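Residue numbers (my numbering), protein chains in the order written: chain V, 2 to 282; chain W, 34 to 289; chain L, 41 to 329; chain D, 1397 to 1751; chain E, 7 to 245. All residues carry an ideal CB built from backbone N, CA and C; glycine is no exception. Note that the structure is predicted; figures quoted are calculated from it, not measured. Beneath this line is the structure, given in C-alpha cells, with notes to follow.
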Amino acid sequence: MSAYTISLLSIVGINVILAVSLNIISGFCGQISLGHGAFYGAGAYAAALVAIATRNLPLALIAGMLVGSVLGLIVGFASLRVRSDFLAVTTIGINFLFTGFVRKQGWLGAEMGISSIPASGLGASGNMIMIELFAAATIALSLYVNASWMGFAFRAVAEDEDAAATLAINGISYKLVAFALGTALAGLAGALYAYFTQFINVDAFDFITSVMLMAMVVIGGIGSTVGVAIAAIVLTLLPETFRFINEYRLLVFGGLLVLFISLAPGGLASLFHGTRTRLRR
Amino acid sequence: MNAPVLALHNLAISFGGVAAVDDVSFAIGRGDFFGLIGPNGAGKTTLIRLISGILTPNSGRVELLGEDVTHRSTATRVRRGLALTHQIVRPFRTMSVLDNVVLAAGHMRTVDPLRALLQMDRHAERERAMSILRQVGLAGAETKLAGSLPLGQLKRLEIARALALDPTVVLLDEPLAGLNNSEAAEQIDMIAGVNASGVTILLVEHNLEEVIRASRRLIVLANGRVIGDGVPHDVMRQQDVRAAYLGESVETYAAG
Amino acid sequence: MFYVDLAISGIVFGCMYALMAVGLTLVYGMLRILHIAHAAVFALGAYVTVLVANASGSILIGFIAALIATPLCGVAIYRLLYQPLLHYRPDVPMIASIGLLVLMQDGFRILFGEQGVTFLKNPLAIETVDIAGITLNLAQIAVLIVTIIIFLALHLFTTQTRIGVAWRATVSNPRIAASFGVDAIRVRYLNFAIGSALAGVAGGLIALLNNFVDPTIGYVVSYKALAIIVLGGLGSVRGTLIASLFLGVIESYGTIFIGSYLNRDAIAFLALILILMARPQGFTGARTA
Amino acid sequence: GFQAPLTGLAATDGKSSKIAAEIAIDDLNAAGGVLGQKFELVTYDDQAKSDQAIFTANKLVGDDGVKFAISGSYSAAGRAAAPIFQKAGVVFISSYGVHPDITKAGDYCFRLVRLGPPQGRAAAYFIADKLKLKKASVISMDNDYGEATLQGFLGDAEKNGIKVVNKYNYSLQDRQFGPIVAGVKRDDPEVIYATGYFFTAGPLVAQLRAGGVKAPIVGSQAFDSGKFIEIAGAAAEGVYVIDGFDRYRKDSKLEHFTAEFQKRAGYPPEGVAAEVYSSFDILADAMKRTGSLDPVKVRDTLAATKDFPMLNETLGGFNKLHEVVMPATVDVVKDGKFVHFSTIEDAKVLAPPEE
Amino acid sequence: MLRVEGLSCGYGAVRAASDVTFAVPERSILALLGPNGAGKTSTIMAIMGHVDVHAGRVLFDGEDVTRRRAVERARLGVALVPEGRQIFADLSVDENLTIGGYSFPADRDRDKRERVFALFPRLHERRAQLAGSMSGGEQQMLAIGRALMAEPRLLLVDELSLGLMPKMVDICIDALLKLREDGMAIVLVEQNTARALAIADEVCVLSSGNVVFAGTAHDAREDRELLTRFLGMTERRRA
Ligand SMILES: Nc1ncnc2c1ncn2[C@@H]1O[C@H](COP(=O)(O)OP(=O)(O)OP(=O)(O)O)[C@@H](O)[C@H]1O
Ligand SMILES: Nc1ncnc2c1ncn2[C@@H]1O[C@H](COP(=O)(O)OP(=O)(O)OP(=O)(O)O)[C@@H](O)[C@H]1O
Ligand SMILES: [Mg+2]
Ligand SMILES: [Mg+2]
C-alpha cells in the first residue's frame, strides 16, 4: 500500500468517526450542531499536549476523548437554554470561539500550531489500522445506540421534547448524553488526527470543517449510521479522485453537493430504503 | 374519601394581566373520577398544564401522592404516576402508531439514558402496546405513521399513550372532541373501565352529557375560579353554572 | 474622542452587518432555512456593481445593475433549489445552500479571477467629510443612510401593511394562508427578490467601502450574519438592526481592548453566546417580523 | 513535483505560483533541460491546508515518484509536507513558506524566503536606521507569518530605540479597520509598521489615510503586489515594503520573466512568483553542477550554493538549517509603482536562526 | 353554487375518499357526516384545493375549479374553517382577522371585524393576544371569525363545535343559520350528528371513503339504519 493510500485511508477513518459521532447528536437526538470541529480540535490539542508530555498513546487518546466530552457537556448545558433553531448558530459560535481562543494562546502554539508531536510508534500502516478499528467500533456503537431504548428515546426527544416529557423522558439528560457521547468520539478523532499528522494547526478545525461534517450527515441521510459512514467515505475520497482538475475542484464539488441533495434530499439512506418520511419536517 | 392522590392548594397563574387560573384548590382521592368543565377560556387547560408541570404557578402548590411536586419537571411527575393527554394532539408524527405506544410502555426503561442504553429488548412492551391499542380501538392501525391518522384516531392514540404509562392519575383534556355520539360513548365507557381498574381520572370535556354520566364529582371553572364543586347533577342545577356555561341549552340538560 | 471614534466605527460596522443580514432574516423568517448561499448573492451584488460601474463609468449604473441581477439570482435559487426541498428537515436545504455557496464562490473566482476587482474610480472611498471632528468617508455615510432607509421601510412594510401581515401569515401556515387568498408562492418570490436585492445593495456598498471585491467577500456574511439574525430573534427585522449595531459596537471596542486575547469573530460569537444564555429568545423575542 | 493552494483563501498566491512554475519549467526545458532530461511538472492543490498537503505530498512521493519537490504555498502546508519529503529522501524547497519548522524537518528541506523573524528585525532596523523614527504603532495580521514577523520586530524594536505605542491585530477576513484607525489616530505615532497581504493591506492603508493618519507606513513583504496599489490608490504613495521585489531592475532574465508572466497571467508578477521561479532555477542549477540527478548529491550541492542570482535578490548562500542568507530590498511606492528605495545588507540583522 | 362530481381524493397512493358526488345550492347547508377516518376532512380539503384529486371534478358556480390553486378558489369566494383550527399562531387575533379578509379591499374591513366581535366578544377582549396562546375554544372562535371575515359565498366548516362550550355551539349554529338566510352555501362537518341533522338541508354520509347516503336531511333523519350504523346515534340518545 502506498503512503498516499495509507494517508487517505487514515483520514477516511477519522472522518467516519467524526460524521458518525455528529450523527448521534444531530441525527439521533435532533440537536443540529455546526461546531463539531471545535470538539475535534479540542481533542487533537489535548492529545497533542499529553502525547508530548508523556509519549503514551492510550493516555493521549483518553485525554482527547475526555476533553472533547467535557467541552461537549458544557456546550450541551448551554444548548439547553437556547431555542432549538438557535442551536445551529450557537454551535457555529462555539467553533469560532474555539479557533479564536486557540489562535491567541501561546501554550497551544497560537497561530503556529503544535508540531513535533511524537509518533504513535505503530508506523503509518499501524496507525491507519488503529484508526480503522476505532472507526469500526464507532459505527458499531452508533448502530447499537440506535437499536437500544436510548436511541428510541432520542427519536422522541428529537421530534417533540415536550411530548416526550409527558412520557417520562427527560429531554435534558438525553441531550446531554448525546452531546457527551458525540463529542467524546469527536475528541477521539482529534487525538487520532494529531498522531496522524504529527502537526496540528487550528485551521484544520475551523467552521468549514464542521460544515463538511454536517454535509456528510445530511448526504448520508440524517439518522442513518450506515448512510452517514458511507457519505463520510465518499465525501473524503471524491475530492481526491478529481485532484487532477486542480483549480476546478471546489467548483465541481459544490456542484455535486447541490445536485445530489436536489436529486436525493433524503440522503444516501433513502436511496436504499424508504426512510424518506423520517426526514420530512 | 381516602388519601388524595392529587391535591391542589391555591394555585394561581396569570398571563399579562389575565388571571387564567385564580386560587384553585381541590383534592382527588385514589380511584376517583372527576369531571372538570367550564366555559371556553376558563382556565381548564392551563390548570392541567400546571398539574403536569408544563407551566409553573405564580403561587400555590401541587401535591402528587402526598409529595409536593410544584417545582418538579414533567418527566419526574410522570415517573411518579401522572399521565396526561393533550387537547391539541401531539403524537410523534414520524413514528408508527405502535412505536408511539411502545415508547410510553417502556417509560421505566427510558427514565435514565444510561439505563436505556443498556437495554434493547422490546418484546414485552410491544405486547402491552398491542393490547392497549385494542383497548382504545386502534387495532389495525398500528403500522401506520401517526402523522397520517385522522383526528378522531389521534385522540385515541393520546389516551393509549397515557394508559401505557401505567399511571395512577390520568388527566384527560377533551378526549371526546372530534368523536361522534356513539364513538364518544364507547370512549367514555373505555375510560370508565380504566377508572374501574383503580386509576384516578380527571376529565376535561365540553361533551356534558358524557361527563355527567361518567364522573362522580364535577368541578366548574369560570374565569379561572372554581364556581361549582359537587355531585354532577347538583352542580348542574346551580344557576350561575348554567348561565355561564349553557346559555340557551339550559333546558336540554336540566332534563337529564 | 477616541471612544467616540470607536463607537462611530462600530456603528458603521453594525450598519454593514445589518445590510448583509437583513435579507437572510427575511428568508429565514419565511422558510426557516439558513440561507447560507445568501453570501453568494451578496458577492454577486458586489461584483456586478464594480464591473458594471467600471464598464459604464457610473457607480449608480453599477448599483442599478446589481439591483436587477441579485433579485433574479435569489428567485432562481428559491425556485430551483429550495422549493423542491421545502418538505424536508431544514438541515437538508441548508446543506444544499452551502453547496451552492461553494459553487458560486468558486465560480466567481474562475470567472473574475482570484486577484479580485477594484473600482477604477471610487471617489466615495476617498473623499471625507468632517462632522464635529469625526472623519467619515462618503461611502460610510452612504452606508449609514441606506441602512436607515431600508430598515424603516421594511419595518413599516411588515407591520403596517396588509402584505406584511400576509407575509407573516405565510410564514406561520402557508396552506391556510392560501385558503384566504394569500398567494404563498408569490409572497415567497417577493421575499426572495427583496431579500436578494438588499444583499445586492449591501454588496455594492461594501465594495465601495473596501474598494475591493474578491471571491471570499461573502465569507464573513455566511457566518456572521447568521449570528446576527439569531441575536435579533430570527425573522425579526427590528431585532436584526439592533443586533447588528450591538455586535458592531462590541467588536469595535473588543478589537482594541481584548483583541490580543480573542479575535474579532470570536468576540462577536462570545457576545452572542453570552446574550443567548441571558436572553434565550434573542433581543426581541420570538415574534416574527 | 509542485504543490500550491489553487483553491481556498490563498488561491491568489497559488495561481501566481503555478504560472511562475510553468514559466520556469518551460524556460528550463527550452534550454535543453538538465543532463539531457526534460522536466515534467506535476502540480497539486493543497488549499494551503495541512491535511491536504499531507495527501498531496504523499501522492507526489508515492504515486508520482517525484524526486524533487517545490512548494508554492503557505507555512501550514509546507510544515505538514516537509517531514514526508524528508522521509522519502526528496529534495524539497519551500518558496515562500515562512515557518521555522519547515527546514527543521531535516536536511532535504530548503527555504528560499527569509524567515518571519529576520523580516521583522529588518523592518525595525530600517525604521530606526534609515527613517530615523522612534515612535511606532504596529498592526499585524493573525496568521503564522504575521505572528512570526511581529515577534522579530518587537524583539528588535527596543534594541533599536523604537517605542511601540500600541499593537493591533486583525484577521485575514477583515476589510474594515475602523477601530484600528481610531486607535492609531489616538497613538499619533511617527511611523506605522504593518503586516498583511494585498487584500488586507490595500483597504488598511486606504482607511488609515482616509482617517487622517499621515505617518509613514512600513509594510511587510506580503504587501508586494500591484493589486495593493490598485486598491489603496493614492493612499499607497510613500508606503515602504520590506523585503520587496525590485521589479524594474535591469536584468534580462527578470525582464523576460516579467513579460512572460504578464502575458500568461494578465497581471504583473509579484514577489511570490519570482520566488517560485527562482526555486526552480536554483534547483536546476544545483542539478547541473552536480552532474547527476541523485537526490542526495543534489541536496549537498544545493546546500553549498553561493552567490546565486535570483530574480529578486542575489542569494548569498544557505546556512546550516538551509535558510537563505541574502540582503533585503526595501521598495517604496512612487507614482503608483514599487521602486527600489534601499537595500539592507547588515548581516547581523538579517541572520537566520541556526537552530 | 358548489358541485362535487365523482370526486376521489387522497395522499399519494393512499385513497381517502372515492366517488363523492353532491351539490350545495345557494342558501343551503349540506352536512357531510361519517365516522372517524371516513374521509370528511380529506373531501373538504380537496374542495379547498389542498388535497390531491385523483378523479372527478369540483365545480364552483358551474365553473370547473379542479385544477385551480387554493388561492384562486379563495378569491372566488370559498372560505375554510379547518379541522384543528390552524390559526396563525404567531399573529395577533387582529392580524388573523386581517388575513381572513385578505381577498377583499380593506375598506369594509372594519364593519366585518365589528360583526365578528359582536358574535365572539372574547376575541374583542383579546385583540392583541398572540393567537397561539389562546385557549382551545377561543382558537376555534377565531378560526370561525377568520372565515367570516372573507364573507364567502361558500363556507367549508370542518368540525364546527370542536372544543366549544355548549353555549358557544348554540351561538355558532345560530350564526350559520343566519348566514344561510343571507344566501351563503355551507358545507358542514360536525360530530354532533343530531345538531347537524337538525339544521342541514342536504346530507352526505361517508364511511371508509365511500358515500353510503346522499339525500335530504329529512330522509336521513328517518333512516334508522343509517343513524345507528354510520352516525353513531343510539335509540337512547335520540329520545
Ligand atoms: N400564554 C398565554 N398568554 C396569554 N394568555 C393566555 C396564555 N395561555 C392561556 N391564556 C389565556 O388564559 C385563559 C385560559 O386558557 P385555557 O387554555 O386554560 O382555557 P380552557 O379552559 O382550557 O378553555 P377551552 O375550553 O377553550 O379549551 C384563556 O383566556 C387564554 O386566552
Ligand atoms: N397526510 C395523510 N397521509 C396519509 N393518509 C392520510 C393523511 N391524512 C389522512 N389520511 C388518511 O385518510 C383517511 C381519511 O382521513 P380524514 O382525515 O379525511 O377523515 P375524517 O373523516 O375527517 O375523520 P375525523 O372525523 O377523525 O376527522 C384516513 O384513513 C387517514 O388515515
Ligand atoms: Mg382547553
Ligand atoms: Mg376530520
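Cβ of G1598(D) within 8 Å of Cβ of F309(L)? no
Tell me whether the beta-carbon of L235(W) lies closer than 8 Å to the beta-carbon of L69(W). yes
Between T79(W) and ligand 5, is the CB less than 7 Å from at least one heavy atom? This structure lacks ligand 5; the ligands present are ligand 1, ligand 2, ligand 3 and ligand 4.
Quick one: using the 10 Å Cβ neighbour count with 16 as the cut-off for buried, is D147(W) buried or exposed? The displayed chain sequence assigns Leu, not Asp, to residue 147(W). Result: exposed.
Starting from H224(E), trace the alpha helix (DSSP H) both ways and give me its first and last residue. 223 to 228
CB contact flag (V290(W), H140(W), <8 Å): Here chain W comprises residues numbered 34 to 289, so residue 290(W) is not present and cannot be evaluated.
Which residue wins for smallest C-alpha separation from I1(V), given the options L190(W), A60(W), V135(W), N91(W)? Because chain V in this structure spans residues 2 to 282, residue 1(V) falls outside the shown range and cannot be described.
Between the alpha carbons of I18(V) and F1488(D), how many angstroms are there, rounded? Taking the straight line joining both Cα atoms gives about 33 Å.
Pull up the DSSP beta-bridge partners for K1531(D), would you. K1559(D)
To be precise: take each residue of the stretch 1549 to 1568 of chain D, compare its Cβ to all Cβ atoms of chain L, and keep it if any distance is under 8 Å. Which residues remain? Within the stretch 1549 to 1568 of chain D, those residues whose Cβ lies closer than 8 Å to any Cβ of chain L are, in chain order, K1563, Y1564, N1565, Y1566, S1567.
D1538(D) by DSSP, collapsed to three states: which one? In the structure shown, D1538(D) sits in coil (DSSP, three-state: anything other than H, G, I, E or B).
Note down, in chain order, all residues in the stretch 91 to 108 of chain E with a beta-carbon under 7 Å from any beta-carbon belonging to chain W. none
Spatial neighbours of V283(W) in its chain, beta-carbon cut-off 6 Å, leaving aside the 5 residues before and after: In this prediction, V283(W) scores a pLDDT of 42, lower than 50, which makes its location untrustworthy; no coordinate-derived value is stated.
N213(W) and P41(E): beta carbons closer than 8 Å? The answer is yes: Cβ separation under 8 Å.
Along the alpha helix (DSSP H) that carries R292(L), what are the first and last residues, could you check? Note that residue 292(L) is Ser in the sequence shown here, rather than Arg. S292(L) -> alpha helix (DSSP H) spans 277 to 297.
Cβ closer than 7 Å: which chain E residues qualify as neighbours of A210(W)? L168, G169
Could you check the C-alpha separation between L133(E) and P127(E) for me, to the nearest Å? Looking at the sequence shown, residue 133(E) is not Leu but Arg. So the two alpha carbons sit approximately 10 Å from each other.
Among the candidates S1536(D), D1540(D), F1464(D), V1668(D), whose CA atom is the shortest distance from the CA of S1413(D)? V1668(D)
Taking the CB atoms as reference points, tell me whether S225(V) and G268(V) lie closer together than 8 Å. yes
Closer than 8 Å, CB to CB, is V169(W) near chain V or not? No, V169(W) does not count as interfacial toward chain V.
In whole angstroms, give me the CA-to-CA distance for L117(W) and A165(V). Distance from the CA atom of L117(W) to the CA atom of A165(V), rounded to whole angstroms, is 12 Å.
Around the Cβ of G173(W), are there at least 16 other Cβ atoms within 10 angstroms (buried) or fewer (exposed)? exposed
Neighbourhood of G1548(D) by C-beta distance below 7 Å, restricted to the same chain and skipping five residues each side: G1512, P1513, P1514, Q1515, G1516, R1517
Chain V contact for F1704(D) (CB, 8 Å cutoff): no
Could you check if F48(W) is buried or exposed, using at least 16 other CB atoms within 10 Å of its CB as the buried criterion? Burial call: exposed.
Verify whether the separation of the beta carbon atoms of F82(L) and A239(L) is less than 8 Å. yes
Interface residues of the stretch 53 to 77 of chain V facing chain D [CB-CB below 9 Å]: none
Report the rounded CA-to-CA distance for F67(W) versus D222(W), giving the unit in angstroms. In this model, F67(W) and D222(W) are separated by some 15 Å (Cα to Cα).
I'd like to know whether the C-beta atoms of G1578(D) and R1605(D) end up nearer to each other than 8 Å. Gly is not the amino acid found at residue 1578(D); the sequence shown has Ala there. No, Cβ-Cβ distance for A1578(D) and R1605(D) is not below 8 Å.
For a contact defined as C-beta to C-beta under 7 Å, what are the partners of R159(E) on chain L? In chain order: nothing, as chain L lies at least about 14 Å away.
Listing by chain order, which chain V residues have their CB less than 7 Å from the CB of D12(L)? This structure does not reach residue 12(L), given that chain L is present from 41 up to 329, and the question cannot be answered.
Give the secondary structure of N43(W) by DSSP, where H, G and I count as helix, E and B as strand, and everything else as coil. strand
Three-state secondary structure assigned by DSSP to C210(E): strand
Inter-stretch contact at 8 Å, needing at least 3 Cβ pairs: the stretch 172 to 179 of chain E / the stretch 99 to 111 of chain E: When C-beta atoms of the stretch 172 to 179 of chain E are compared with those of the stretch 99 to 111 of chain E, fewer than three pairs fall below 8 Å, so the two segments do not count as touching.
Are the C-beta atoms of M151(V) and some chain W residue less than 8 Å apart? Yes, contact with chain W.
Can you name, in chain order, every residue of its own chain whose Cβ lies under 7 Å from the Cβ of R242(E), other than the five neighbours on each side? Low confidence applies to R242(E): its pLDDT is 49, below 50, so where it sits in the model is not reliable, and the reading given next is rough at best. Counting only Cβ-Cβ distances below 7 Å, and skipping sequence neighbours, we find nothing.
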